[in-house]
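In the working numbering, the protein residues as written are 5 to 512.
Notes follow the structure.
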């Protein structure tokens, strides 16, 4: 079957059908009609729904937990006091809509993957999808997204319920009631890693022009490498990342080309979420990140008021850029706010492209990167440093300096810039912060370092809190940063309904 220009952008034409009807429920009640996936069209509709669910969660929610909760961004004090400010200032309760929304959205994504995996792998020939070529690829895509959702869940919530099956039959409603919170390591070993190994085997290295944006072997290996890195399995992380290096990716010469509409899906792109004006699927996420009350000054076609300003670069991040770093001007710009005495207000600039009205739908023609080749090189540098500092003395630093060279910076030198693995670890962490700013990496990087250096992330966040309080004073909530918790709470309604133990520091 010929597939539309972008698989992610099939939404308008195809997914307003049954796949949404049984997937809009809360994640504990699902009914799957067994005659649902009988044709190529129905399979592609289910695949599209799976991509859409991942895109919804990643675009709408990920920045709140991966950037705003870290020391990279904060909530503009002139922005409407909504939940994002509670994320920034660690004021959330377990009953928060944001905590519940991410949990439910992730499990809806898991379920959409499970539907496809069941259809592609059922031991019953009557239920198994017939086309073997489609079956292999779709299974790979579904396992990739299921693993990614669970990877995010365990990193944010810790132990979570492990749901791997769908249940058929009229009125048969699976429930979380008999599904306990599964230990994180069990989820890694029994689902995330096997799913990604299978996905890497089943997914192609690349697609034709009609399928740009689908996940590839490179995306599966990159996610697998990050999983191994997060668990401290550096040898296997190196294997996965080195395999990615052999797939033909390369850095863009110009850093800004990773974000510009005319150069999206370039040689550095491993996986990015697709948007396109020409099929009335524009990107709209950036409008919330424009400075609050900036009107039409930043983007003439967007009137930014109090609903904006929700992901503002921190001064601490800006001060980390070295003189001459070419990435700074791409990543951060400034707005002169008159009501603040002409103060310069920093804002995210790397996604600052024109909003265009196309067919009555206003938005941008940009994509949102999930994985870039630069990310792989820096994670590989981290893995080599943790696995073999001294044994392979130049592996990490050569990779690190490749990224710095594009940024216009001088190379780091052993014996001058650093002497120990710990010092090099900090340099790599800092480089990732600058290279991947606002790309939903920072919180997870900090938590990965926390696992090796307990107390590191809490100390860093406490120092960040001091700076925020000094800068914003009584504009913050009186309890801002009082209760810094590294794991999110299990949604209160799940604790009440199913008796789950709550994470430390959270009330029901």
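All residues carry an ideal CB built from backbone N, CA and C; glycine is no exception.
Original post:
Ordered along the chain, which non-local residues of its own chain (more than five positions away) have a Cβ less than 7 Å from that of residue 334?
Top reply: 259, 260, 353, 354
**OP:** If I'm right that residue 166 touches residue 195 with Cβ under 8 Å, what's the distance once you round it to whole angstroms?
**Re:** 6 Å
Original post:
Helix, strand or coil for residue 480 per DSSP?
Top reply: coil
**OP:** Would you kindly work out how many angstroms separate the C-alpha atoms of residue 45 and residue 448, rounded to a whole number?
**Re:** 37 Å
**OP:** Tell me, to the nearest whole angstrom, how far the beta carbon of residue 206 is from that of residue 266; I am working on the premise that it is less than 8 Å.
**Re:** At roughly 32 Å, the Cβ-Cβ gap does not stay under 8 Å, so residue 206 and residue 266 are not in contact.
Subject >> Unbroken alpha helix (DSSP H) run spanning residue 201, endpoints >> reply: 197-206
Original post:
residue 297 bridges to which residues according to DSSP?
Top reply: Answer by DSSP bridge pairing: none, since residue 297 is not bridged.
Subject >> Pairwise C-alpha distance: residue 253 and residue 273 >> reply: 8 Å
Subject >> Distance, residue 437 Cα to residue 444 Cα >> reply: 10 Å
Original post:
Would residue 434 be called buried (16 or more neighbouring beta carbons within 10 Å of its own) or exposed?
Top reply: exposed
**OP:** For residue 47, collect the residues of the same chain with a Cβ closer than 7 Å to its Cβ; drop the 5 residues on either side in sequence, then sort them by chain order.
**Re:** 41, 133, 138, 142
**OP:** Counting only the same chain and skipping the five closest in sequence on each side, list residues whose C-beta sits under 6 Å from that of residue 390.
**Re:** 238
**OP:** Give the straight-line distance between the Cα atoms of residue 324 and residue 432, rounded to the nearest whole angstrom.
**Re:** 13 Å
Original post:
Can you tell me whether residue 59 is buried or exposed, with buried defined as 16 or more other CB within 10 angstroms of its CB?
Top reply: buried
Original post:
Considering only the beta carbon of each residue, do residue 340 and residue 330 sit closer than 8 Å?
Top reply: no
Original post:
So residue 308 and residue 295 are in contact, right, with Cβ under 8 Å, and what is the actual spacing, rounded?
Top reply: 7 Å
Original post:
What did DSSP end up calling residue 367 once you bin it into helix, strand or coil?
Top reply: strand
Original post:
Is it right to say residue 342 is buried, meaning 16 or more other beta carbons lie within 10 angstroms of its own, or is it exposed?
Top reply: exposed
Original post:
Under a Cβ-count criterion, where at least 16 other Cβ atoms within 10 Å of its own Cβ denotes burial, should residue 93 be classed as buried or exposed?
Top reply: buried
Subject >> Nonlocal neighbours in the same chain, by C-beta distance under 8 Å from residue 246, ignoring five residues either side >> reply: 384
Subject >> Inter-stretch contact (C-beta, 8 Å, three-pair minimum) for the region 455-468 and the region 59-69 >> reply: no
Original post:
In or out: residue 91 buried (at least 16 other Cβ within 10 Å) or exposed?
Top reply: buried
**OP:** Give the DSSP-derived three-state secondary structure of residue 192 in the structure shown.
**Re:** helix
**OP:** Entirely within the region 243-331 and at least 4 residues each: give me those alpha helix (DSSP H) ranges in chain order.
**Re:** 319-324
Subject >> Option nearest residue 476 by Cα separation, candidates 43, 89, 370, 421 >> reply: 89
Original post:
Under the DSSP definition of a beta bridge, which residues are partnered with residue 349?
Top reply: 339
Original post:
Under 8 Å between the Cβ atoms of residue 507 and residue 162?
Top reply: yes
Subject >> Beta-carbon spacing of residue 159, residue 118 below 8 Å >> reply: no
Original post:
Hey, out of 199, 426, 128, whose CA is closest to residue 223's CA?
Top reply: 199
Original post:
Alpha carbon to alpha carbon, how far is residue 473 from residue 317?
Top reply: 15 Å
Subject >> Supposed close pair residue 75, residue 440 - CB separation, criterion 8 Å >> reply: 14 Å between Cβ atoms; not a contact.
Original post:
How big is the Cα-Cα spacing for residue 332 and residue 189?
Top reply: 38 Å
Original post:
How many angstroms separate the CA atom of residue 370 from the CA atom of residue 69?
Top reply: 22 Å
Original post:
Tell me which same chain residues have a C-beta within less than 8 Å of the C-beta of residue 71, skipping the five on either side of it?
Top reply: 77, 315, 442, 444, 446, 447
Original post:
From residue 429 to residue 408, what distance separates their C-alpha atoms?
Top reply: 15 Å
Original post:
How is residue 117 classed by DSSP in three states: helix, strand or coil?
Top reply: helix
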